[in-house]
Structure formats: C-alpha cells, structure tokens
C-alpha cells in the first residue's frame with residue numbers, strides 16, 4: 001500500500017495551486033446574464049460565503065447595484081422571497097448541500113436569475129441554476145478548501161466583468177498579477193506562524209473585500225488550528241469586541257487597498273495596540289504586488305495566508321488536511 005501523505009501535505013499542494021486557479025477562473029469568458037437587474041444577492045455557507053462577501057463589495061462598487069447575502073433557511077425552512085429582476089449568485093465548491101440546492105430552486109421560483117459557481121461538474125446546484133460558472137480549480141482533497149475559495153472569487157470577478165464591461169480588463173490584469181505571485185512567501189511568515197501557534201484567541205479584521213478575506217482567514221484558523229478566531233469589520237471591532245483586546249489577543253489586519261479603507265484600518269490597529277493586543281498588518285504590498293483590484297488583493301492575501309495557517313496548525317499538533325470534527329462536503333438544511 002502507498003504510504004499515507006504526511007500531515008498537511010494535501011493542503012500545501014492545493015494552496016500552492018491557488019494563484020493559478022484564481023487566474024483561470026477570473027479570465028474565463030462569461031456571457032452577460034439575460035435581463036435588467038435591480039439587485040444582486042448571494043447564497044452560500046462557510047468558505048463560499050466568505051468568497052461571496054468579497055464579491056458583494058466588488059460588485060456593488062462596480063455595478064452600482066445593492067448586493068446582499070440571503071440566508072438559505074429563508075428557502076429551505078421558510079416560504080421564499082419575491083425576487084423578480086434580481087440576479088442570485090449561488091456559491092458552493094461541491095454544489096451538493098441540500099439547503100443551497102433548495103435555495104437556488106426557491107430563488108428561481110421567486111423570479112430570480114440564478115448563477116451557480118461550483119467546482120464539481122453536474123452538481124445538484126448546477127441543475128437548479130440558469131447559468132453555471134465553473135471554478136476550474138481541479139480536484140481538492142484536503143478538508144479545508146483553499147484553491148476553490150480563491151477560484152470562486154476569481155469566477156465571481158469574471159461575472160462582474162460581464163455585468164460591468166469597464167471592469168473586465170482590470171479584473172483580467174489583476175488576475176495575471178495574482179498568477180505571477182505564485183510561490184511567493186509573505187515576509188515575516190515565520191513570525192506570524194509563531195504568533196498563531198502560541199495564540200489563545202485571534203481577531204481577523206478587514207474592510208470592504210478585506211472583510212470577506214478576514215471571514216475566510218478566521219474560519220481557516222478555526223478549522224486547521226483548533227484555535228478560537230473571529231472576523232470583524234475594522235469599524236465594528238471598535239464597539240463591543242474591543243473589550244477583549246486586553247486578554248492576550250492576537251489580531252491580523254488585512255489591507256486590500258479598497259477605496260476609503262486605510263483610515264479605519266489604521267485607527268483599529270492603534271486602538272487594539274493601545275488595549276494590549278498584538279497586531280499584525282498584512283497587505284499584498286509586502287510582496288510588491290501591484291495592479292490589483294480589491295477582490296484580487298483579497299484573494300492574494302488568502303493565497304499568502306493559507307501556508308501560514310497550515311504551518312501554525314502543524315506547530316499546534318493538528319493535521320490541517322483532516323480536522324477531526326469536519327468533512328469535505330458539509331450537508332445542512
């Protein structure tokens with residue numbers, strides 16, 4: 001029998017493929033969805049919902065349309081919604097979770113056009129959609145999703161380019177910038193690994209697309225490191241969550257260059273530091289990456305952070321490929 005892969009080997013390989021996966025998904029040709037839309041909505045859970053947050057901020061900025069997350073339970077447990085003249089993005093790596101399948105069906109019944117962003121061909125979610133965008137990430141075997149998450153962001157930017165044609169060339173150029181970052185290592189990565197390995201509690205903060213990246217980073221820290229982590233907006237953290245900063249908190253601030261966000265991130269860093277938190281500010285600028293859209297910057301930050309989280313998990317005695325309580329496909333209702 002072949003030897004079992006060493007702990008974290010699957011995640012290492014798949015995370016290394018993430019920049020190319022983002023570029024493939026972002027550069028695919030997407031036909032403009034039929035219809036005139038008054039609003040956009042997303043349907044997703046877990047890492048896919050974090051990707052949806054990134055896309056919502058980017059879509060609102062580029063299309064001028066509101067984009068909100070719809071809770072799947074409105075459809076799977078409730079009576080649905082009136083969604084005429086709206087476009088719904090349903091994101092799922094597997095396309096197999098029953099609540100998302102029911103939600104896509106319910107959204108179409110309510111009058112929406114539904115676009116499925118999935119990595120598995122022929123999934124149940126795809127069959128409920130008007131249009132499917134493949135993530136083109138290839139098979140993923142580690143339980144924590146990595147390359148499929150950044151590929152979902154990439155596919156979503158291709159869709160935004162179809163809705164807002166002036167955005168499309170910028171998105172493609174940014175995708176190539178992410179591809180060129182393949183193999184790059186975050187400066188200070190070893191120091192950040194040590195910080196997470198010894199942490200008791202972590203806040204991950206961002207604004208705009210950086211908030212979606214923060215959601216995904218916090219989720220991965222919980223999944224892989226068995227470490228408490230929360231994602232917060234850099235504005236919202238100044239309310240109740242700031243009270244916990246004095247208890248040995250580790251904070252990661254993710255900067256994506258989204259317009260108007262630098263000031264609030266700076267203020268959050270200053271306040272957290274004053275209260276005793278150990279603050280680490282992270283940006284694609286650290287590896288000299290330029291020409292990024294805010295969504296691509298969020299995706300690149302994830303590409304840089306996945307290896308850090310993997311190493312921190314190993315240092316904490318965890319196998320990031322196979323977190324004990326989790327499975328690759330999560331089925332919820």
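Numbering (the UniProt record's numbering), first residue to last: 1 to 333. C-beta: ideal position from N, C-alpha, C; glycine also.
Which of helix, strand or coil does DSSP assign to residue 230?
-> As a first step, residue 230 must be located in the chain shown, where it is residue number 230. Residue state, collapsed to three classes: strand.
Beta carbon of residue 95 nearer than 8 Å to that of residue 73 = Within the chain shown, residue 95 is the residue found at index 95, counting from 1. Within the chain shown, residue 73 is the residue found at index 73, counting from 1. No, they are not a contact pair.
Measure from the alpha carbon of residue 191 to the alpha carbon of each residue in 307, 12, 98 and 62, then state which is nearest.
-> Numbered from 1 along the chain shown, position 191 holds the residue referred to as residue 191. Minimum Cα distance to residue 191 is reached at 307.
Have a look at residue 6 and residue 323 and give me their C-alpha separation to the nearest angstrom.
-> Reading the chain shown from its first residue, position 6 is the one you call residue 6. Reading the chain shown from its first residue, position 323 is the one you call residue 323. Going from the Cα of residue 6 to the Cα of residue 323 covers about 14 Å.
Taking DSSP as the reference, what is the three-state secondary structure of residue 201?
-> Translated into positions along the chain shown, residue 201 becomes position 201. Residue 201 falls in the coil class under three-state DSSP.
Among residues of its own chain, excluding the 5 on either side of residue 296, which ones have a beta-carbon nearer than 6 Å to its beta-carbon?
-> Sequence index remark: in the chain shown, residue 296 carries index 296 (1-based). Excluding residues within five positions, the ones whose Cβ falls inside 6 Å are 174 and 178.
Can you check DSSP and say which residues form a bridge with residue 67?
-> The residue given as residue 67 occupies position 67 in the chain shown. Its beta-bridge partners are 40.
May I ask you to report which of helix, strand or coil DSSP gives residue 324?
-> Locating residue 324 in the chain shown gives position 324, counting from the first residue. Reduced to three states, the DSSP call for residue 324 is coil.
Tell me residue 280's beta-bridge partners as DSSP assigns them.
-> One-based indexing of the chain shown puts residue 280 at position 280. Paired residue(s): 252.
How far does the alpha helix (DSSP H) with residue 124 in it reach, from first residue to last?
-> Here residue 124 corresponds to residue number 124 of the chain shown, with the count starting at 1. Its alpha helix (DSSP H) spans residues 124-127.
Would you kindly work out how many angstroms separate the C-alpha atoms of residue 252 and residue 284, rounded to a whole number?
-> Here residue 252 is taken as the residue at index 252 of the chain shown, counted from 1. Here residue 284 is taken as the residue at index 284 of the chain shown, counted from 1. When rounded, the distance between both Cα atoms is 14 Å.
Thinking C-beta only, is residue 248 closer than 8 Å to residue 200?
-> In the chain shown, the residue the question calls residue 200 occupies position 200. In the chain shown, the residue the question calls residue 248 occupies position 248. Contact flag set, yes.
Assign residue 58 to one of two classes, buried (16 or more other C-beta atoms within 10 Å of its C-beta) or exposed (fewer than that).
-> As a position in the chain shown, residue 58 is number 58, starting the count at 1. Burial call: buried.
Helix, strand or coil for residue 90, going by three-state DSSP, please let me know.
-> Residue numbering aside, residue 90 sits at position 90 when the chain shown is read from its first letter. In this structure, residue 90 counts as strand in the three-state DSSP scheme.
Which term fits residue 38, buried or exposed, when burial requires 16 or more other beta carbons within 10 angstroms of its beta carbon?
-> Counting from one through the chain shown, the residue named residue 38 turns up at place 38. With fewer than 16 Cβ atoms within 10 Å of its Cβ, residue 38 is classed as exposed.
Terminal residues of the alpha helix (DSSP H) in which residue 157 lies | Along the chain shown, one-based indexing puts residue 157 at 157. Residues 147-163.
Is it the case that the Cβ atoms of residue 301 and residue 46 are separated by a distance below 8 Å?
-> Sequence index remark: in the chain shown, residue 301 carries index 301 (1-based). Sequence index remark: in the chain shown, residue 46 carries index 46 (1-based). Contact: no.
Excluding five sequence neighbours on each side, which residues of the same chain lie with their C-beta closer than 8 Å to the C-beta of residue 121?
-> On the chain shown, position 121 is the one that residue 121 refers to. If we look at residue 121 and ignore the five residues flanking it on each side, its Cβ neighbours are 134.
Backbone CA spacing between residue 287 and residue 187 [nearest angstrom] | Here residue 287 refers to the residue found at position 287 when the chain shown is read from its first residue. Here residue 187 refers to the residue found at position 187 when the chain shown is read from its first residue. Between residue 287 and residue 187, the C-alpha separation is close to 7 Å.
So, are the CB atoms of residue 108 and residue 115 less than 8 Å apart?
-> Within the chain shown, the letter at position 108 stands for residue 108. Within the chain shown, the letter at position 115 stands for residue 115. Cβ atoms of residue 108 and residue 115: not closer than 8 Å.
With DSSP run on the structure shown, which of helix, strand or coil describes residue 185?
-> Counted from its first residue, the chain shown places residue 185 at position 185. DSSP places residue 185 in coil when its eight states are reduced to three.
Local Cβ density within 10 Å of residue 42, reported as buried at 16 or more and exposed below that | Here residue 42 corresponds to residue number 42 of the chain shown, with the count starting at 1. The residue is buried, with at least 16 neighbouring Cβ atoms inside 10 Å.
Have a look at 320, 207 and 310 and flag the residue whose alpha-carbon is nearest the alpha-carbon of residue 54.
-> Along the chain shown, one-based indexing puts residue 54 at 54. If we check each option's Cα against that of residue 54, 207 comes out closest.
Consult DSSP for residue 13 and reduce its assignment to one of helix, strand or coil.
-> On the chain shown, residue 13 is found 13 positions in, with the first residue counted as 1. Correct three-state label for residue 13: helix.
When burial is assigned at 16 or more other CB atoms within 10 Å of the CB, is residue 260 buried or exposed?
-> As a first step, residue 260 must be located in the chain shown, where it is residue number 260. So residue 260 counts as exposed.
Could you check which residue in 313, 303 and 319 has the C-alpha nearest to that of residue 19?
-> Translated into positions along the chain shown, residue 19 becomes position 19. Cα-wise, what sits closest to residue 19 is 303.
Apply the 10 Å Cβ neighbour rule to residue 243 and answer buried if 16 or more other Cβ atoms are within range, or exposed otherwise.
-> To locate residue 243, count along the chain shown from 1; it is residue 243. With fewer than 16 other Cβ atoms within 10 Å, it is exposed.
Residue 334 (DSSP reduced to helix, strand or coil) = Since the first residue shown for the chain is 1 and the last is 333, residue 334 is missing from the structure and cannot be characterised.
Note the first and the last residue of the continuous beta strand (DSSP E) segment covering residue 134.
-> Sequence index remark: in the chain shown, residue 134 carries index 134 (1-based). Per DSSP, residue 134 belongs to the beta strand (DSSP E) from 131-134.
Put residue 212 into one of helix, strand or coil per three-state DSSP.
-> Here residue 212 refers to the residue found at position 212 of the chain shown. Reduced to three states, the DSSP call for residue 212 is helix.
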